[in-house]
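Contents: one structure, followed by commentary.
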Amino acid sequence: MAEPIDVAIIGGGCAGLTTAWELSRPELGGRYRVTVYQQGWRLGGKGASSRGPNGRTEEHGLHVWMGTYENAFAMIRACYDELDRDPRTCPLADWRQVFVPAPWVGVMERATDAPWFGFFPPAEGLPGDGGHLLPDLRGYISRTVAMLATAMRSFDADDQVVVSSAEPAPTDLGSAVRRLGRLGGYASWTALAESASVLAASLAVIPVSGPMLAKAVTALAEPIRARLRQLSRQSSAARRLWAITDLLTAIIGGIARSGILLDRRGFDALNELDYREWLRRQGAAPSTLDSDFVRGGVYDLFFAYQGGDRARPALAAGVALRSNMRMFFTYRGSFFWKMTAGMGDAIFAPLYEVLARRGVRFRFFHRLRDVVLSAPEHGVRPHVEALDFDVQATPKGEYEPLIDVDGVPSWPDRPLWSQLRGTPTEGDIEAPWTPGVGTSRLEVGKDFDAVVLATGLGAVPWAANQLLERFDRWRAMVGRVETIATQAFQLWLREDPRALGWSGPPLATVAGFVDPFDTWSDMRQLLPRETFATPPGGLAFFTSVLPEPHGMVGNVRGAAERHRAVRDDAVAYLDQHAGTLWPGAVDATGGFDWDLLVPPDGVDAGRGSNRFDSQFWTANVRPSDRYVLSVPGSPSYRISPLDRDVDNLTVAGDWTACGIDTGSVESAVISGRLAAHAIAGSPALSDVVGWDHP
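Residue numbers for the sequence shown follow numbering that gives the first Met the number 0, so the first one is 0 and each next one is one higher.
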């Protein structure tokens with residue numbers, strides 16, 4: 000039997016662990032011997048979470064999964080099956096106990112200062128079922144038109160003409176176009192909705208050219224817009240419908256006119272423009288471009304603000320369109336899925352346990368310092384000769400990272416120092432500016448044969464300087480694919496949201512709220528896994544981008560300043576705006592009722608806003624924690640796991656060219672699968688759902 004190939008994976012986030020998952024599959028027969036090198040004491044990268052006092056779940060930010068995460072759900076479902084926990088001793092023994100549907104999504108409407116909710120009905124199947132074929136571009140257009148028809152039918156308006164829904168669709172698009180014009184002339188709402196259904200049915204079965212589709216969309220869009228202009232000032236419902244229909248008709252017409260139906264690049268052909276600029280060129284109204292639906296439902300969702308500055312929205316049009324098409328039209332089960340434990344406990348602890356059983360080795364407290372390349376040689380591709388690490392702590396034996404919290408294997412909020420030699424390291428052990436206790440060098444042929452660089456993109460300049468010096472495309476990627484810091488805080492509340500006056504649905508997520516925290520989510524489903532003597536009634540997460548003043552990043556001083564700023568901004572935010580969400584959370588002075596906050600057991604939290612210090616907040620400014628943007632013009636600079644600039648090196652992460660090109664769990668998992676394919680030829684590219692790059 001051949002000697003196993005040693006693979007060093009640098010980084011234990013979603014992408015790195017997915018690569019380890021694929022390379023350690025039993026069907027590969029032990030061909031690959033995998034070691035994961037991880038800074039600090041926990042796995043997870045930007046998805047890391049840990050347990051604080053009273054087993055509190057303390058997250059990097061707001062983490063929800065989408066029903067379109069086919070690759071991620073398939074892996075975690077298989078992980079729980081293989082883990083085979085005993086349900087009598089562990090309350091999270093099955094993946095269905097870990098995820099709960101969260102079908103309500105809202106955006107705050109500035110005109111009414113109230114949330115506007117959309118309910119996404121359950122879709123057939125469950126994410127990760129397998130056999131899920133994504134629509135082609137024409138299929139996406141057909142579904143967009145059908146969505147337009149559904150939105151129109153949901154609006155209650157006077158009808159003057161009734162068109163039977165049983166009338167068969169035309170057999171050619173020319174007939175469809177003529178019929179659209181005939182129906183649209185009546186300006187009847189039912190007729191217009193039926194027109195959209197006709198077009199959607201036609202697109203699903205009839206080959207269509209761009210000009211023909213553009214003509215059909217124009218015939219449909221003009222009467223819709225004319226009708227809505229009359230109605231949009233009459234009610235909130237009409238104004239919302241105007242924003243949706245104007246947006247959808249601009250998208251459909253823009254795709255038809257852009258020529259991407261015949262362009263092998265597909266959506267990527269549109270990435271040079273910002274999404275809103277592209278919509279403007281397709282005739283979208285200024286009110287639509289500035290609508291809560293676009294601002295909160297798209298830009299806030301993707302943290303799409305350069306430098307964390309909300310005055311600088313930036314999102315590549317192709318990335319936005321592909322991502323939204325997949326979100327709306329390919330989800331299974333529920334649109335959103337929320338976890339019943341922190342992401343560290345729900346995802347990364349089970350992956351760690353299964354991978355360790357398979358023989359994957361983990362070396363915690365290893366922070367990559369540089370990737371050492373072979374000397375330049377004409378006509379010969381370089382290879383990784385060595386990997387240099389800062390060692391942050393020395394375990395006495397094999398480090399066992401997990402603790403038990405009420406039957407759930409979990410990550411602690413600090414290293415388990417009893418397992419380590421020496422005294423605790425001072426400072427933030429997960430930050431590159433904190434010194435280690437020593438160094439270590441791994442050598443090719445001795446310690447590894449192949450390398451997977453699965454750090455966050457923000458860490459690449461800190462950890463892979465030789466790659467940047469040697470390759471123009473690496474320097475261009477780091478320069479053009481931007482990252483930003485994010486911020487979050489969590490509140491444990493005495494009362495549940497309903498008792499505080501929340502009138503929306505449970506487990507809702509709401510975007511587009513006021514600065515500096517534009518997204519809020521009801522996360523009470525985590526409370527049963529915590530260990531308060533008297534359980535809180537509510538748990539709320541807030542998150543947003545984090546502005547970074549010049550000179551306040553990349554060092555311990557900047558990190559401390561940003562951490563203080565998040566705290567102070569959160570206190571001011573609650574005092575000024577909490578009453579919009581929870582009218583019952585306001586005290587007699589009109590500010591936030593700080594007595595609602597539940598501190599850990601035995602902690603004297605004091606009075607007034609000082610009680611906030613008993614809660615949890617974070618400024619995600621470490622290089623590996625930074626969120627990756629898709630600003631216009633940048634996606635083409637991403638490096639793919641399938642590229643080979645270095646003979647024995649591949650990359651993995653949501654910053655790579657992975658088919659979605661957004662900062663998400665699914666992007667990272669797809670990238671990890673592609674990295675495994677680059678090394679082992681497995682999985683087959685055809686098995687990676689959503690990998691549709693040319």
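The beta carbon of each residue, even a glycine, is placed where N, CA and C say it ideally should be.
Item: Inter-residue Cα distance where the pair is THR339 and SER613; Value: 23 Å
Item: ALA348 and SER409 closer than 8 Å at C-beta; Value: yes
Item: Beta-carbon proximity list for PRO52, same chain, < 6 Å, skipping 5 on both sides; Value: PRO599
Item: Burial state of ASP344 (16 or more Cβ within 10 Å); Value: buried
Item: Beta carbon of GLY658 nearer than 8 Å to that of ILE669; Value: yes
Item: Delimiting residues of the beta strand (DSSP E) encompassing GLN418; Value: First-last for GLN418: undefined, no H or E at that position.
Item: Spatial neighbours of VAL477 in its chain, beta-carbon cut-off 7 Å, leaving aside the 5 residues before and after; Value: VAL459, PRO460 and LEU467
Item: Residues near ALA392 by beta carbon distance below 7 Å, same chain, minus five either side; Value: PHE364, PRO414, LEU419, THR424 and VAL436
Item: Any 3 or more C-beta pairs closer than 8 Å across the stretch 649-665 and the stretch 615-627; Value: yes
Item: Inside the stretch 492-571 only - beta strand (DSSP E) runs reaching at least 3 residues; Value: 508-510, 518-521 and 537-545
Item: For GLN486, the three-state DSSP class (helix, strand or coil); Value: strand
Item: Rounded separation between ALA19 and ARG309 - CA only; Value: 37 Å
Item: Buried/exposed call for GLY295, threshold 16 Cβ in 10 Å; Value: buried
Item: When THR248, LEU525, LEU269 and VAL555 are compared against ASP495, the one with the closest alpha-carbon; Value: LEU525
Item: Short Cβ contact (8 Å threshold) for PHE334 with PHE119; Value: yes
Item: Cβ neighbour criterion (16 or more within 10 Å) applied to THR170; Value: Note that THR170 scores 46 on pLDDT, short of 50, meaning its location in the model is unreliable; the coordinates nonetheless yield the value given after this. Exposed, since its Cβ has fewer than 16 Cβ neighbours within 10 Å.
Item: Within 8 Å, strictly: CB atoms of LEU506 and ALA101; Value: yes
Item: Backbone secondary structure at ASN464 - three-state DSSP; Value: helix
Item: Opening and closing residue of the alpha helix (DSSP H) in which THR18 lies; Value: 13-22
Item: Burial state of ASN609 (16 or more Cβ within 10 Å); Value: exposed
Item: Range covered by the alpha helix (DSSP H) that runs through PHE335; Value: Not the alpha helix (DSSP H): PHE335 falls in the beta strand (DSSP E), residues 335-338.
Item: Identity of the residue in VAL106, VAL407 and TYR139 nearest PRO86 by Cα; Value: VAL407
Item: Rounded separation between GLY378 and ASP135 - CA only; Value: 41 Å
Item: Cβ-based neighbour list, ARG311, same chain, cut-off 8 Å, excluding 5 preceding and 5 following; Value: TYR304 and GLN305
Item: Where GLY590 sits in the DSSP three-state scheme; Value: coil
Item: For TRP40, the three-state DSSP class (helix, strand or coil); Value: coil
Item: Given ARG239 as reference, the closest of LEU212, ARG256 and ASP289 once Cα atoms are compared; Value: ASP289
Item: Close-in-space but distant-in-sequence residues of the same chain around GLU2 (CB under 6 Å, 5 per side omitted); Value: none
Item: Reference TYR274, options LEU499, ILE638 and GLY253, closest by Cα; Value: GLY253
Item: Nearest candidate by alpha-carbon position, reference ILE638, set VAL620, ARG621, ALA674 and PHE611; Value: ALA674
Item: Reduced DSSP category for ASP299 - H, G, I as helix; E, B as strand; rest coil; Value: helix
Item: Beta-ladder partner(s) of SER452, from DSSP; Value: At residue 452 the sequence reads Leu, which differs from the Ser that was named. Answer by DSSP bridge pairing, in chain order: ILE9 and VAL650.
Item: Sequence-distant residues of the same chain with beta carbon closer than 8 Å to MET551, five excluded per side; Value: Residue confidence for MET551 is low, a pLDDT of 49 falling below 50, so the modelled location carries little weight; the figure read from the coordinates is stated next. Once the five neighbours on either side are set aside, the close Cβ partners of MET551 are GLY557, GLU560 and ARG561.
Item: Which listed residue (GLN37, ARG24 and SER23) has its alpha carbon closest to that of LEU452; Value: GLN37
Item: Straight-line gap, PRO167 to ALA145 (C-alpha atoms, nearest Å); Value: Legend: pLDDT at PRO167 = 40, less than 50; position of this residue unreliable, no value from coordinates given.
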